[in-house]
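Novice: Oh and the sequence shown: position 415 is 415 in UniProt numbering, straight run, nothing missing. Backbone N, C-alpha and C define an ideal beta-carbon position, used for all residues, glycine too. Computed from a predicted model, the values in this text were never measured in an experiment.
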Amino acid sequence: MGLCTSKPSPNPSDSTNASINTRNNDIYRKPNSVSASPLPDGVNSKEDQGKQGEEEKESSNPNNEGKKSPFFPFYSPSPAHYLFSKKSPARSSTNSTPKRFFRRPFPPPSPAKHIRAVLARRHGSVKPNEAAIPEGSDAEAAGATGTGLDKSFGFSKHFGSKYELGDEVGRGHFGYTCTAKFKKGELKGQQVAVKVIPKAKMTTAIAIEDVTREVKILRALSGHSNLVQFYDAYEDHDNVYIVMELCEGGELLDRILSRGGKYTEDDAKAVMIQILNVVAFCHLQGVVHRDLKPENFLFTSKDENSQLKAIDFGLSDFVKPDERLNDIVGSAYYVAPEVLHRSYSTEADVWSIGVIAYILLCGSRPFWARTESGIFRAVLKADPSFDEAPWPSLSSEARDFVKRLLNKDPRKRLTAAQALSHPWIKKYNDVKVPLDILIFKLVKAYLRSSSLRKAALRALSKTLTVDELFYLKEQFALLEPNKNGTISLENIKAALMKNATDAMKDARIPEFLASLNALQYRRMDFDEFCAAALTVHQLEALDRWEQHARCAYEIFEKEGNRPIVIEELASELGLSPSVPVHAVLHDWIRHTDGKLSFLGFVKLLHGVSS
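#1: Quick one: Cα of valine 215 to Cα of glycine 172, how far?
#2: If you draw a straight line from the C-alpha of phenylalanine 512 to the C-alpha of serine 258, how long is it?
#3: Within the same chain, show all residues whose beta-carbon is closer than 7 Å to that of phenylalanine 313, passing over the 5 residues directly before and after it, in chain order.
#4: Within 10 Å of its beta-carbon, does threonine 264 have 16 or more other beta-carbons around it, so buried, or fewer, so exposed?
#5: Using the Cα positions of residue 614 and alanine 500, report the straight-line distance between them to the nearest angstrom.
#6: Is it buried or exposed for glycine 363, if we count other Cβ within 10 angstroms and need 16 for buried?
#7: Taking 8 Å as the threshold, find out whether the region 411-427 comes into contact with the region 526-543 through three or more Cβ pairs.
#8: Could you give the first and the last residue of the continuous alpha helix (DSSP H) run that contains arginine 171?
#9: Are the Cβ atoms of alanine 456 and leucine 573 separated by less than 7 Å?
#10: For alanine 158, count neighbouring C-beta atoms within 10 Å of its own C-beta (all shown protein chains included) and say buried if the count is 16 or more, exposed if not.
#11: Could you say if the region 230-242 and the region 358-377 meet the contact criterion of at least three C-beta pairs nearer than 8 Å?
#12: Jot down the residue ranges of each uninterrupted alpha helix (DSSP H) in the region 204-275, minimum 4 residues, whole runs only, in chain order.
#13: In the structure shown, what three-state DSSP assignment does methionine 524 receive?
#14: Closest Cβ-Cβ distance between leucine 315 and chain D: below 7 Å?
#15: How many whole angstroms separate the CB atoms of glycine 607 and serine 449, which I take to be in contact at a CB cut-off of 8 Å?
#16: Indicate the three-state DSSP secondary structure (helix, strand or coil) for lysine 181 in the structure shown.
#17: Kindly identify the DSSP beta-bridge partner or partners of tyrosine 176.
#18: Could you please give me the residues that DSSP links to glutamine 191 through a beta bridge?
#19: Who are the near neighbours of asparagine 277 in its chain, counting only those whose CB is closer than 6 Å to its CB and skipping five residues on each side?
#20: If we count the other Cβ atoms within 10 Å of its Cβ and call it buried at 16 or more, is methionine 497 buried or exposed?
#21: If I follow the unbroken alpha helix (DSSP H) through leucine 539, where does it start and stop?
#22: Just the Cα atoms here: how many angstroms apart are glutamate 480 and lysine 432?
#23: Provide the residue span of the beta strand (DSSP E) that contains leucine 310, from first to last.
#24: Reducing DSSP to helix, strand and coil, say where serine 364 ends up.
#25: Just how far apart, CA to CA, sit leucine 298 and isoleucine 275?
#26: Is valine 466 buried or exposed, if buried means 16 or more other CB atoms sit within 10 Å of its CB?
#27: In this structure, does DSSP put lysine 589 in helix, strand or coil?
#28: Is it a yes or a no for the region 377-393 touching the region 503-521, going by three-plus beta-carbon pairs under 8 Å?
#29: In three-state terms, what does DSSP make of aspartate 317?
#30: Identify every residue that forms a DSSP beta bridge with isoleucine 487.
#31: Alanine 180 and glycine 160: beta carbons closer than 7 Å?
#32: Among His224, Phe153 and Lys162, which has the Cα closest to the Cα of alanine 207?
#33: What separation, rounded to the nearest whole angstrom, lies between the Cα atoms of serine 345 and valine 319?
#34: List the residues that DSSP assigns as beta-bridge partners of serine 156.
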């Protein structure tokens, strides 16, 4: 829920606005056992019978191909009950999303809506797809059985004595936001924003857990300049009060709309840097936001150069370095493909940032459809268009930046810290690259690799360009190497202690150090660090990958290749005895001299994961 300073107005062009509002902050969470597809084609809903239905027919009529869509790109005309309509533009083509046009005066955007309604409670007797989903008052009535839940959070009960509650400035399905003032002390009269969550809405143990986690995350992430400042949490018999900094500059979405839908490249860079910085910070602390969108970034003031702040951690969660989440949460236009596949981590946030970057630069959404199911199909199958105006007039670096954030393979997608190292960004106002959580995972994998794979990675690292080395140099410098130019476990510990929040030091650092224990008795220089921390999958996504790989193989032939039998290679890769190694690895070894072939070399670069 955004901490806006102006009341939301109903969408005059959407006759179904009320029905969408009732599901504004709903999320879809389903436990571990899932179906293969997030889009059950067999499910269909009744179609709207009014003007909306006529427009849907026109859009699918081949005789109306020349007609422009009457909707502004940020406006989602389809009501919630269109969820699985087969009349989705994304169905007709999986190669690109439909064209999107402006119309002035355009209607305001529809309320931000999370992906789908709650299909079933994660705990209880009701299983997904076995019962209708209660909405609105029905849902509240259905949750009345949760009155026996313990709704005491242990928060301070002195909200009323410290703050004077003001006007409501925003509302979501599970709560609302008001202004408030300090009643006394040094801050007397200073305004804050208060997110009020009625306990009556907490009808399940999951809802209570969500509030507890949101407050825990806000406490853990305190201190970053691009994150809304958290003051404290309070409760009384009826409500939970989350007190935060009041941002009076409005949403990023409002700024985009006020500019006619798009930013200049330099203005977009200024916004992107702030978003990437705060997201990289969250990821280093082990937090994935899961609902990044323009509505969840607020400006501190109306000033044009006002600072941007990330808000709304209601869907956020803690994630360990090697953990994959499977809850489908977020907002449809910004959801990453792997979220729909129910296996994701921090990379999903970067996809959402890519969607925001696309919108900032061209004023359109990269994946567009009239229905949620259509949006999902576009996200999973379609490629964003970079052919329509203004993309041809934008720099090649800007296009490359967005494309690398919107790579459907999360392994090939840039991290937030890597995005700040991208040529399009790094030259803008001396951008500081933050410590990246990814390097610790990569170094851990490198230390556990076979000597043959380490040799292959060292060969590949010698082919990196200046731009590709920039990120690695920045990360190595952040580890503050010793005078002899090497790093050890102590350097990594010091860097983590320096960059972690107080709340995260005890929880995160011991786990990282334990996984990197092999560095305790050895040193790593910059050349070896490059081999350890390079990302093979990301290099594969580049147009010049073939050149990289061929050059690296030539170096490997001279410095690291040697005769190897299939059984030894299988052992080095950690393959289980049940794997038919001769069938799997037959082409990895040259028959002439028993050394690794080019195919084997490329496969070896990926290690066991391949």
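Specialist: Put simply:
#1: Taking the CA atoms as reference points, valine 215 sits about 17 Å from glycine 172.
#2: C-alpha separation (whole angstroms): 45 Å.
#3: So the qualifying residues of the chain are Glu214, Ile217, Leu218 and His289.
#4: The residue in question, threonine 264, is exposed, as its Cβ has fewer than 16 Cβ neighbours within 10 Å.
#5: Outside the displayed range of the chain (1 to 610) lies residue 614, so it cannot be described from this structure.
#6: So glycine 363 counts as buried.
#7: The region 411-427 and the region 526-543 touch, with no fewer than 3 CB-CB distances between them shorter than 8 Å.
#8: Run containing arginine 171: none in the alpha helix (DSSP H); it sits in the beta strand (DSSP E), 163-171.
#9: For alanine 456 and leucine 573, no; Cβs fall outside 7 Å.
#10: The sequence shown places histidine at residue 158, not alanine. By the neighbour-count criterion, in which 16 or more other beta carbons inside 10 Å mark a residue as buried, histidine 158 falls on the exposed side.
#11: No: fewer than three Cβ pairs fall under 8 Å.
#12: Given a length threshold of 4 residues, each whole run of the alpha helix (DSSP H) inside the region 204-275 is given here in chain order: 205-220 and 252-258.
#13: Strand, per DSSP.
#14: This model lacks chain D altogether, as it is built from one protein chain only.
#15: Rounded to whole angstroms, the Cβ separation of glycine 607 and serine 449 is 6 Å, and the two are in contact under 8 Å.
#16: Correct three-state label for lysine 181: strand.
#17: Answer by DSSP bridge pairing, in chain order: Arg171 and Val196.
#18: Bridge partners of glutamine 191: Lys181.
#19: For asparagine 277, the CB contacts under 6 Å within the same chain, skipping 5 residues up- and downstream, are Asn226 in chain order.
#20: Exposed is the call here.
#21: In the DSSP assignment, leucine 539 falls within the alpha helix (DSSP H) that extends over 536-540.
#22: Going by the C-alpha atoms only, they are around 15 Å apart.
#23: Checking the sequence, you will find alanine at residue 310 rather than leucine. From DSSP, the beta strand (DSSP E) with alanine 310 extends over 308-310.
#24: In the structure shown, serine 364 falls within a coil segment according to DSSP collapsed to helix, strand and coil.
#25: Straight-line spacing of the CA atoms in leucine 298 and isoleucine 275 works out to 11 Å.
#26: Valine 466 counts as exposed, since fewer than 16 other beta carbons sit within 10 angstroms of its beta carbon.
#27: Position check: residue 589 holds isoleucine in this sequence, whereas lysine was assumed. In the structure shown, isoleucine 589 adopts extended strand secondary structure according to DSSP, grouped into three states.
#28: No: the two stretches stay apart, fewer than three of their Cβ pairs being nearer than 8 Å.
#29: Secondary structure of aspartate 317 (DSSP, three-state): strand.
#30: Partner residues in the beta bridge of isoleucine 487, as assigned by DSSP, are Met524.
#31: Contact flag unset, no.
#32: Comparing alpha-carbon positions, the option among His224, Phe153 and Lys162 lying closest to alanine 207 turns out to be Phe153.
#33: Distance between the alpha carbons of serine 345 and valine 319 is about 7 Å.
#34: The partner list for serine 156 (beta bridge, DSSP) reads Tyr234.
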